[in-house]
Amino acid sequence: MGELPPLRQRSLRLDNGVQATLLHDPQATRVALAAGVDAGSLHEPPAWPGLAHFLEHCLFLGSEGFAEVGAFAGYVHGRGGRYNARTLGLHTQYYLEMPAGELAPALERLCALLARPLLLPERLLAEREVLHAEYLARCQDGDSQLFGALAGLLDPAHPLAHFHAGARDSLDPQGPGFRAELRAWHARHYRGENLRLLVCGPQSLSELETQVRAVADALPGGAPVSVPAWPSPWPVGQGCLRLELEQPAQRRMSLWWALKHVAARDEPALDLLRQALRRSDAGSLPGVLRARGLAQSARPELHPADAGQALLALHLELLVDGCGREEEIAALCRDWLAWLQGSPEWAGDPLLAENGRIGQAWDEYERAPLERAALWLERWQRQGGAVPTLWPAPPANDVWHGWLKALAQPPLVLQCSRTALPQGAFTPRFPVRRLVIPLAELPTVRGPWQLPPDNPFRAPPPQSAAGDWPAEWRRGGAELLRPGHAALLLAWQAVEPGADAPLVAELAELALAERWAVLAGAAQPFGFDCRLSHRAGCLGLCLSGPPAALPRVLERLLAALREGDAARWREAWQRRRDEQTQQILLRRLLAHPAARTRQPVDEEALARRLAALDDRSLAGRVADYLAAAELRGWRLGDVSPAVLPLLQGVGRPAAVALQQQATSGEHELHVGIGGSEQAVLLRLLAPPGDPRLEAAWRLLAVLWPGAFHHALRVEQGLGYALFCRFADTAEGAELQFGVQSPHATAARLQQAIRDFLAEQGRSLAGLDAARLEPARRAAREALEEGSRPARLQRVVTAWFGGRADDWPLRLRAELARLQTGDLLAAAQALSGPGIGRQWLISR
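Mapped onto our numbering, the consecutive letters of the sequence shown carry residue numbers 1000 to 1842.
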């Protein structure tokens, strides 16, 4: 499999007690900062539910030296950066990603945010409304409903049983007592040994240490606050319970156990359990559940309750036949866990275990800087101690099987979703009907559990006879891949797009996705990755990994298309729609088929067409689509010609570029998503083939996000979830503006976006070099930087869109030439002819 990623690590303790970990990444072009506070919502005073989450929000409202309410966001967005934060039960986390040259000013602003917040009363009051809007949205979220209902089963003396999201009636920003408690809580926890700082960038370890010591030493010092001795979260003497929730759009269940929490043991053990749940063979739990039509997947999740206690959940996505059979599924899970606990030889292959660890390390290393820093910070906080282990080794067999012992017992809670529970009572904070009854003894079952078979991708397969590569196909680009890997890109396009083309392309993509979910457990330890996409009758596949076994993986993937299991495709299509209903409105708009293409999409017509076709006809439509489609290919690295026989009958090799269509005029689509809130998405669609216009839009997308956030969220209080961004799609460049509001109408949100565009178009006249040049650098770096998968995705998108190879060079040249007048003209042209304007409105 190879070596771990090329990261060098240094950990140190600053004079003020802050623990810092520095990571030198020689391949990075951006720097990531992640700050962790070893205190979270479980530590907040009971009198003020939500105080920890509220404080996390309020730190972004101005600090000493950077007093303006939008100063932090304006600095970050204006230089092409990103930031985020979140509050967990035992921890609070802040993340920041910036160009590498911004390390010192970014660190200065992050430390000011953490140490010297202004917490002005009028700003606190406005932010409470944002927090309340988030709470209202979470009331519709299935996971929040589950945790709210579960809290009612826990010991009231443990803070896990309390409400922590925060709402209008739980916080009083105008009250002197609340503000005093907010400042006191901040002073107690945001200091010294309670703080961790993780910095990752291309700078040397010595340079990173110099910068961190120069800035972070100014953070307040102090010892960690002692934590009260909380009782066990599960009440003493309370038996096992069945928890039913009225969640008609969900087909899921979960099992819950209480564990003794040992941080150094739990994380590696949980990773090993995830590995076991990625198996798909006939002797595995996922394989048995799928074969019996009960469940599609199982996912473990650990919820630390304090330094020595935790709850562990096993979440299962059910298939249609699994609904109503939760006790049978729970019994199979318990029997499998007991078998696993009694099979010390299960985890006995050190090569596969090490392959899995290295594969996980590379997967994390190749994420975007902000996401990987957030992941490593959370792992460090869970591990505790002064030095994080980024990629822990698997636990020893005796530790692993001791950890499983608690899971081989009946679960404390069996939770299941029901279409209706008219006799159920509403939970207090996240209103959902629930019914709690004693859990009957689970039935006795014996599953056909077996040790894993030999991994089919471990040894290079024999090479079969193969022909010549199609002359029309492209080659080159191995530098975009992980060292020693190869990749095959395939793009199918319907020759005559008809009413069925979008449907059959998505069904084919779902068939491949379902099969990859089955193969991933065996393929991912060796570094294989599969990316799929579909849009308007086009299907894309990118398979990467070690070249020797790549034909074998592709063969098993494509078998899913030839098997014609239309019933499974149909269920996967519906499951995707059901999953989307659990997202916030703005994400649902972005996931809607109409938001992913410039072609007209009638989702209701597609659903009717799917219902009208029987399984045989549906399988025939997909087979006909694949047989007639034009198939474009691109091989990166040393891809064996042994893949060519596998592609017979699934497309005709072609070199015709995918055509980009100009879109103009204004169109509005109400997608009919119910609910009390409203969300609006505006897509501005650039005509294809204009690098100067795209370059201007990329610059505007750097300059505008902070102003958009300030105008709609801070000044007007319209929404709590919003964004302004550039989108690079196969069909061309886009500017996107989205906002979700609990109280404003669609017309009000649309007008606010129009007003913003008009105002910003005028304000650009005053743009000076001090703002333009950092934005220009950020836009230019966005064309060149990013994680390896992000860079690969950019070239794949351009290839799918049929763009010339010199397109990035032309964009860079235009970015270098753009001046304020050019941006002003581009902004004023957004409402003119030639620019498409597509509104997607939730209801």
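By construction, the Cβ of each residue, glycine as well, lies at the ideal position given by its N, Cα and C atoms.
Minimum C-alpha distance to residue i - residue among the options
i: GLU1602; options: GLY1671, SER1639 and LEU1509; result: GLY1671
i: GLN1340; options: LEU1351, SER1762 and ALA1407; result: ALA1407
i: PHE1736; options: HIS1131, PHE1755, HIS1669 and GLU1377; result: PHE1755
i: ARG1474; options: PRO1640, TRP1345, GLN1759 and PRO1247; result: PRO1640
i: PRO1437; options: GLY1520, LEU1479, CYS1239 and LEU1518; result: CYS1239
i: GLN1008; options: ARG1081, GLU1208 and ARG1122; result: GLU1208
i: ASP1499; options: ALA1618, LEU1054, LEU1680 and GLN1581; result: ALA1618
i: SER1532; options: GLU1554, ALA1504 and LEU1630; result: ALA1504
i: ARG1122; options: ARG1187, PHE1053 and ALA1606; result: PHE1053
i: PRO1232; options: SER1296, GLY1526, ALA1156 and GLY1286; result: ALA1156
i: ASP1142; options: GLU1180, ALA1186, ALA1066 and LEU1244; result: LEU1244
i: LEU1748; options: ARG1182, LEU1681, ASP1804 and THR1388; result: LEU1681
i: HIS1185; options: ARG1264, GLU1055, PHE1065 and ALA1306; result: GLU1055
i: GLY1497; options: LEU1301, PRO1455 and GLN1598; result: GLN1598
i: VAL1552; options: TRP1472, TRP1838, ALA1743 and PHE1456; result: PHE1456
i: GLU1570; options: HIS1076, ARG1250, SER1225 and GLY1077; result: ARG1250
i: PRO1158; options: PRO1234, TRP1338 and GLY1292; result: PRO1234
i: GLU1002; options: GLN1837, PHE1525 and LEU1242; result: PHE1525
Residues near residue i in its chain [Cβ-Cβ closer than 7 Å; skip 5 each side]
i: ASP1024; result: LEU1006, CYS1199, GLY1200 and PRO1201
i: THR1728; result: THR1796
i: PRO1391; result: GLU1266 and PRO1267
i: PRO1343; result: ASN1396 and HIS1400
i: ALA1160; result: ALA1150, LEU1153 and ASP1154
i: ALA1706; result: GLN1759
Same chain only: Cβ atoms within 8 Å of residue i, ignoring 5 sequence neighbours per side
i: GLU1326; result: LEU1413, ALA1439, LEU1441 and PRO1442
i: ALA1764; result: THR1819 and LEU1823
i: LEU1119; result: LEU1060 and GLY1061
i: GLY1674; result: GLN1139, LEU1584, SER1841 and ARG1842
i: ILE1834; result: SER1663, LEU1683, LEU1684, ALA1685, PRO1686 and ALA1828
Residues of its chain near residue i, where Cβ-Cβ distance is below 6 Å and the 5 sequence neighbours each way are ignored
i: GLN1449; result: GLY1282
i: LEU1258; result: ALA1309, LEU1311 and ALA1405
i: LEU1087; result: GLY1039
i: ARG1127; result: LEU1170 and PRO1172
i: ARG1081; result: GLU1096 and LEU1369
i: GLY1064; result: ALA1111
i: ALA1522; result: PHE1456 and VAL1552
Whole-number beta carbon distance between residue j and residue i, since they are thought to touch under 8 Å
i: GLN1579; j: SER1841; result: With a Cβ gap of about 12 Å, GLN1579 and SER1841 do not count as contacting.
i: LEU1721; j: LEU1734; result: With 8 Å as the limit, LEU1721 and LEU1734 do not qualify as a contact, their Cβ atoms being about 14 Å apart.
i: SER1830; j: GLU1365; result: About 40 Å separates the two Cβ atoms, so there is no contact after all.
i: LEU1331; j: MET1252; result: Contact flag wrong, Cβ pair sits at about 12 Å.
i: ALA1033; j: LEU1204; result: Rounded, the Cβ-Cβ distance is 17 Å, inconsistent with contact.
i: ALA1248; j: GLN1581; result: 7 Å
i: ALA1290; j: LEU1313; result: Actually they are not in contact, since the Cβ atoms of ALA1290 and LEU1313 sit about 19 Å apart, beyond 8 Å.
i: LEU1479; j: ARG1790; result: 6 Å
i: PRO1303; j: LEU1050; result: No, PRO1303 and LEU1050 are not in contact; Cβ-Cβ is about 20 Å, not under 8 Å.
The ligand FMN heavy atom lying under 7 Å from the CB of residue i
i: ALA1628; result: The ligand FMN is not part of this structure, which contains no ligands at all.
Check your understanding: Do the region 1106–1118 and the region 1379–1392 make contact, defined as three or more Cβ pairs closer than 8 Å?
Key -> Short answer: they don't touch.
Should the region 1501–1516 be called in touch with the region 1438–1447, which here means at least 3 C-beta pairs below 8 Å? Counting Cβ pairs under 8 Å, fewer than three are found: no touch.
Worksheet entry | Validate contact between the region 1634–1647 and the region 1468–1475 using beta carbons, cut 8 Å, 3 pairs | The answer is yes - the region 1468–1475 touches the region 1634–1647, with three or more Cβ pairs under 8 Å.
Meets three-Cβ-pair contact criterion under 8 Å: the region 1321–1336 and the region 1478–1493: No: the two stretches stay apart, fewer than three of their Cβ pairs being nearer than 8 Å.
**Request:** Run through the region 1535–1616 for me and flag every whole beta strand (DSSP E) of 3 or more residues, listed as ranges in chain order.
**Result:** Taking 3 residues as the minimum length, the beta strand (DSSP E) runs contained wholly in the region 1535–1616 are 1537–1544, in order along the chain.
Taking only runs that begin and end inside the region 1344–1423, name each unbroken alpha helix (DSSP H) of 4 or more residues, in chain order.
-> Note on the region 1344–1423: whole alpha helix (DSSP H) runs with a minimum of 4 residues are 1349–1364, 1368–1382 and 1396–1404, in chain order.
- Runs of beta strand (DSSP E) lying entirely within the region 1670–1737, each at least 3 residues, in chain order: Taking 3 residues as the shortest admissible run, the region 1670–1737 contains the following complete beta strand (DSSP E) segments, listed from N- to C-terminal end: 1677–1684 and 1720–1728.
Assess, as a yes-or-no matter, whether the region 1529–1545 is touched by the region 1483–1490 under the definition of 3 or more beta carbon pairs within less than 8 Å.
With the cut-off at 8 Å, the region 1483–1490 and the region 1529–1545 touch.
ask   = Which ranges would you report for the alpha helix (DSSP H) in the region 1788–1832 if only whole runs of at least 4 residues count?
value = Whole alpha helix (DSSP H) segments, 4+ residues: 1806–1816 and 1819–1827.
Below 8 Å, how does it come out for the region 1112–1121 and the region 1141–1150: are there three or more Cβ pairs, yes or no?
Segments in contact, no.
Length at least 3, wholly inside the region 1219–1254: the beta strand (DSSP E) runs in chain order | Complete beta strand (DSSP E) runs here, min 3: 1240–1245.
Quiz item: Should the region 1559–1566 be called in touch with the region 1611–1621, which here means at least 3 C-beta pairs below 8 Å?
Solution: The region 1559–1566, when compared against the region 1611–1621, does touch it at the 8 Å Cβ threshold.
Those runs of the beta strand (DSSP E) which lie wholly inside the region 1069–1105 and span at least 3 residues:
DSSP runs (the beta strand (DSSP E)) wholly in the region 1069–1105: 1081–1086 and 1091–1098.
Are at least three pairs of beta-carbons, each pair with one atom in the region 1774–1781 and one in the region 1687–1706, less than 8 Å apart? Yes, the region 1774–1781 touches the region 1687–1706.
Query raised in the report: At a cut of 8 Å, does the region 1362–1373 reach the region 1089–1103 through at least three beta carbon pairs?
Result: Taking 8 Å as the limit for Cβ pairs, the verdict is that the region 1089–1103 does touch the region 1362–1373.
- Task: Would you be able to state if there are at least three C-beta pairs under 8 Å between the region 1068–1075 and the region 1204–1223?
- Result: By the Cβ criterion, the region 1204–1223 is not in contact with the region 1068–1075, since fewer than three pairs of Cβ atoms, one from each stretch, lie closer than 8 Å.
Checklist line | Ranges of the beta strand (DSSP E) found wholly within the region 1277–1319, counting only runs of at least 3 | finding: The region 1277–1319 contains these whole beta strand (DSSP E) runs: 1294–1305 and 1308–1317.
inquiry  = Would the region 1644–1656 count as touching the region 1586–1595 if we require 3 or more Cβ pairs under 8 Å?
reply    = Contact between the region 1644–1656 and the region 1586–1595 is absent, because fewer than three Cβ pairs lie under 8 Å.
ask   = At what residue ranges does the region 1441–1527 contain a whole run of the alpha helix (DSSP H), taking only runs of 4 or more?
value = Runs found: 1500–1522.
Original post:
Mind pulling the beta strand (DSSP E) runs of 3 or more residues that sit fully within the region 1141–1189?
Top reply: Whole beta strand (DSSP E) segments, 3+ residues: zero.
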